[in-house]
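Colleague:
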């Protein structure tokens, strides 16, 4: 058993997510007595309808679940897998131009970039393992969202940079207005026939692996794609023990738990960055130390994240992605297929059929020395997940409320000695980074490029304005 948490140090029940509709669904589930996992599942599914620049039913992800009664933390892997176990062989992707935050990202689209989806079976696994409410209740908010949700301002600002991925083929019906111009903030985001996919998920979730949806998906990638029925049948969700890093921050010993095989080694970077107490925004030594820590693990998609804590203190964070999408849609269901095999940032080694695709995702929980929950967090943003999490988590552990920690300016260490920063860093920090041999770029505003963090701690909740995030606290 875990020692009880004093009332003033407990993480209040609540949710944080990257879209108002997503957060609202999670809060409603908690009000009905749902487990933190119930809330996270409902939010993940709503994000597949409301945040389709970043995620969808054809994607995959990772979850971390903390059980308050036992103190046990479990990592759940339902990320996409490499196809090729069946008779099909993957062809060539179509190269496109994508610039995020002014930084070019290598990218390809088309049937050849579609990996084995994990999201439908993954959220079902989470619900079967920890859920309290009935399955239909958790899917219903996503079904409602599939009929249209307001397109957020940050999504509208990002869309012009990724039109080659989002507006090709049937995507023009989704992300463009009838006159051909791009969706603007407040416009309804709607995928034709998308509701059919969520109705099917509610009534017959196995159909995503062996039924009519699976058949339609395989037909959509028949020309050049390697995905086959054999790949779908072989896919399995994986559970594992988390990797743990012990650290001392602001005089308090904490344990950070997350998956142990994220591509960028977030935990090692967090540990290294914690060795300096200053805030990089104003402290030149802290800023240069942070850049060094980020570059110490050079192993370098876009994503979304949700966090939930229930009234019993259980916690769950889920990060999901479909890349930017392959520009291939499942006929009759409106689902944009993932482009994970076209994500240049994910390519490290030769991919083996049946193996998981690499990922930077690292949802995490932080416990105190007695095993009590201190923080649950996750981030979106491909290779910017690591700097986003490291900077905001350290701030929170040093006593900064989650929303303030998330709002503060961030930096990202890029290849070839480049450092990109948001506005707000002290001039002495900029000078120190340049003196250390970095080429420094300062953006005019906060951008989705710098990642989207959502988090809950005893000091409240936070959701990233860079992704139009929202949080709700209960109790």
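In the working numbering, the protein residues as written are 1 to 475.
Every residue gets a Cβ at the ideal spot worked out from N, C-alpha and C, and that includes glycine.
1) Assign residue 178 to buried or exposed, taking buried as 16 or more other Cβ atoms, counted over all protein chains shown, within 10 Å of its Cβ.
2) Please work out which residues of its chain come closer than 7 Å, Cβ to Cβ, to residue 1, disregarding the five sequence neighbours upstream and downstream, and give them in chain order.
3) Once you ignore the five residues that flank residue 232 on each side, which residues in its own chain have a CB closer than 6 Å to its CB?
4) Indicate the three-state DSSP secondary structure (helix, strand or coil) for residue 419 in the structure shown.
5) Among the residues of its own chain, which have a CB less than 6 Å from the CB of residue 440, if the five just before and after it don't count?
6) Is it right to say residue 147 is buried, meaning 16 or more other beta carbons lie within 10 angstroms of its own, or is it exposed?
7) Of the choices 464, 473, 475, whose alpha-carbon is the least far from that of residue 19?
8) Between the region 281-294 and the region 116-130, can you find at least three pairs of beta-carbon atoms closer than 8 Å?
9) Could you give the DSSP three-state label for residue 190: helix, strand or coil?
10) With DSSP as the reference, please indicate the residues paired to residue 78 in a beta bridge.
11) DSSP on residue 473, reduced to helix/strand/coil?
12) Quick one: measure Cβ to Cβ for residue 189 and residue 159, integer angstroms, because I've assumed they're closer than 8 Å.
13) Three or more C-beta pairs closer than 8 Å, one from the region 353-363 and one from the region 373-392: is that the case here?
14) Please classify residue 141 as buried or exposed, where buried requires at least 16 other C-beta atoms within 10 Å of its C-beta.
15) When the Cα atoms are used, what is the spatial distance from residue 83 to residue 282?
16) Thinking C-alpha only, which one of 131, 415, 372, 155 is nearest residue 448?
17) Which residue spans inside the region 325-375 form an unbroken beta strand (DSSP E) run of at least 3?
18) Closer than 7 Å by C-beta to residue 223: which residues in its own chain qualify, once you throw out the five before and the five after it? Chain order, please.
19) Short check: CB of residue 401 to CB of residue 459, under 8 Å?
20) Just the C-alpha distance for residue 348 and residue 216, rounded to the nearest angstrom, thanks.
21) Counting only runs that start and end within the region 140-223, where is the beta strand (DSSP E) found for 3 or more residues in a row?
22) Classify residue 239 as helix, strand or coil using the three-state DSSP reduction.
23) Please check the pair residue 114 and residue 227, which I expect to be a contact at CB under 8 Å, by giving their CB distance rounded to whole angstroms.
24) Excluding sequence positions up to five away, which residues of its chain have a Cβ less than 6 Å from the Cβ of residue 473?
25) Residue 306 bridges to which residues according to DSSP?
26) Relative to the C-alpha of residue 187, which candidate in 242, 198, 173 has its C-alpha closest?
27) Counting only runs of 4+ residues fully inside the region 393-470, write out the alpha helix (DSSP H) ranges in chain order.
28) Could you name the residues of the same chain whose beta carbon sits closer than 6 Å to that of residue 446, not counting the 5 residues immediately before and after it, in chain order?
29) Can you tell me where the alpha helix (DSSP H) with residue 271 in it begins and where it stops?
30) Three or more C-beta pairs under 8 Å: does that hold for the region 20-30 against the region 43-58?
31) Do you know how far the Cα of residue 17 is from the Cα of residue 298?
32) Given a cut-off of 8 Å, decide if residue 118 and residue 60 are closer than it, judged by their beta-carbon atoms.
33) Could you give the DSSP three-state label for residue 137: helix, strand or coil?
34) In the DSSP assignment, what are the bridge partners of residue 96?
35) Does DSSP put residue 378 in a helix, in a strand, or in coil?
Modeller: Well, looking at it:
1) Position 178 of the chain shown holds residue 178. Exposed, because fewer than 16 other Cβ atoms sit within 10 Å of the Cβ of residue 178.
2) Position 1 of the chain shown, counting from 1, holds the residue named residue 1. The predicted position of residue 1 is uncertain, since its pLDDT is 38 and thus under 50; no value can be drawn from it.
3) On the chain shown, position 232 is the one that residue 232 refers to. 209, 214.
4) For the purposes of this step, residue 419 is taken as the residue at position 419 of the chain shown. It is a strand residue.
5) Within the chain shown, the letter at position 440 stands for residue 440. Excluding sequence neighbours, residue 440 sits near 419, 430, 433, 434.
6) Position 147 of the chain shown, counting from 1, holds the residue named residue 147. The residue is exposed, with fewer than 16 neighbouring Cβ atoms inside 10 Å.
7) The sequence position of residue 19 within the chain shown is 19, counting from 1. Of the listed residues, the one whose Cα sits closest to residue 19 is 464.
8) no
9) The residue given as residue 190 occupies position 190 in the chain shown. Note: residue 190 maps to coil in three-state DSSP.
10) As a position in the chain shown, residue 78 is number 78, starting the count at 1. DSSP lists 61 as partners of residue 78.
11) As a working mapping, residue 473 is identified with position 473 in the chain shown. Of the three classes helix, strand and coil, the one that applies to residue 473 here is strand, per DSSP.
12) Position 189 of the chain shown, counted from the first residue, corresponds to residue 189. Position 159 of the chain shown, counted from the first residue, corresponds to residue 159. That belief does not hold up - the Cβ atoms of residue 189 and residue 159 are roughly 10 Å apart, past 8 Å.
13) yes
14) Counting from one through the chain shown, the residue named residue 141 turns up at place 141. Counting Cβ neighbours within 10 Å, residue 141 comes out buried, since at least 16 surround it.
15) Locating residue 83 in the chain shown gives position 83, where the first residue counts as 1. Locating residue 282 in the chain shown gives position 282, where the first residue counts as 1. If I take the Cα positions, the gap works out to 47 Å.
16) Position 448 of the chain shown, counted from the start, is the residue given in the question as residue 448. Among 131, 415, 372, 155, the Cα nearest to that of residue 448 is on 155.
17) 364-368
18) Walking along the chain shown from the start, residue 223 turns up at place 223. Excluding sequence neighbours, residue 223 sits near 111.
19) Walking along the chain shown from the start, residue 401 turns up at place 401. Walking along the chain shown from the start, residue 459 turns up at place 459. Yes, the Cβ-Cβ distance between residue 401 and residue 459 is below 8 Å.
20) As a working note, residue 348 is residue 348 in the chain shown. As a working note, residue 216 is residue 216 in the chain shown. Here the model assigns residue 348 a pLDDT of 49, short of 50, so the residue's position is not dependable and the matter cannot be decided.
21) none
22) Looking up residue 239 in the chain shown gives position 239. Strand at residue 239.
23) As a position in the chain shown, residue 114 is number 114, starting the count at 1. As a position in the chain shown, residue 227 is number 227, starting the count at 1. So it is a contact: roughly 5 Å between Cβ atoms.
24) Numbered from its first residue, the chain shown carries residue 473 at position 473. Only 12, 14, 461 meet the Cβ criterion.
25) As a position in the chain shown, residue 306 is number 306, starting the count at 1. Beta-bridge pairing links residue 306 to 17, 318.
26) Working through the chain shown from its first residue, we reach residue 187 at position 187. Nearest C-alpha to residue 187: 173.
27) 402-407, 427-435
28) Along the chain shown, read from residue 1 onward, the residue named residue 446 stands at position 446. Taken in chain order, the residues that qualify are 422, 466.
29) Translated into the one-based positions of the chain shown, residue 271 becomes position 271. Its alpha helix (DSSP H) spans residues 266-273.
30) yes
31) Here residue 298 corresponds to residue number 298 of the chain shown, with the count starting at 1. Here residue 17 corresponds to residue number 17 of the chain shown, with the count starting at 1. Low per-residue confidence applies at residue 298: pLDDT is 40, beneath 50, and the placement is therefore not dependable enough to give any value.
32) Here residue 60 corresponds to residue number 60 of the chain shown, with the count starting at 1. Here residue 118 corresponds to residue number 118 of the chain shown, with the count starting at 1. Result yes, Cβ atoms of residue 60 and residue 118 sit closer than 8 Å.
33) Numbered from its first residue, the chain shown carries residue 137 at position 137. Residue 137: helix per DSSP, three-state reduction.
34) Residue 96 sits at position 96 when you count from the first residue of the chain shown. Paired residue(s): 107.
35) Here residue 378 refers to the residue found at position 378 when the chain shown is read from its first residue. If DSSP states are grouped into helix, strand and coil, residue 378 belongs with the strands.
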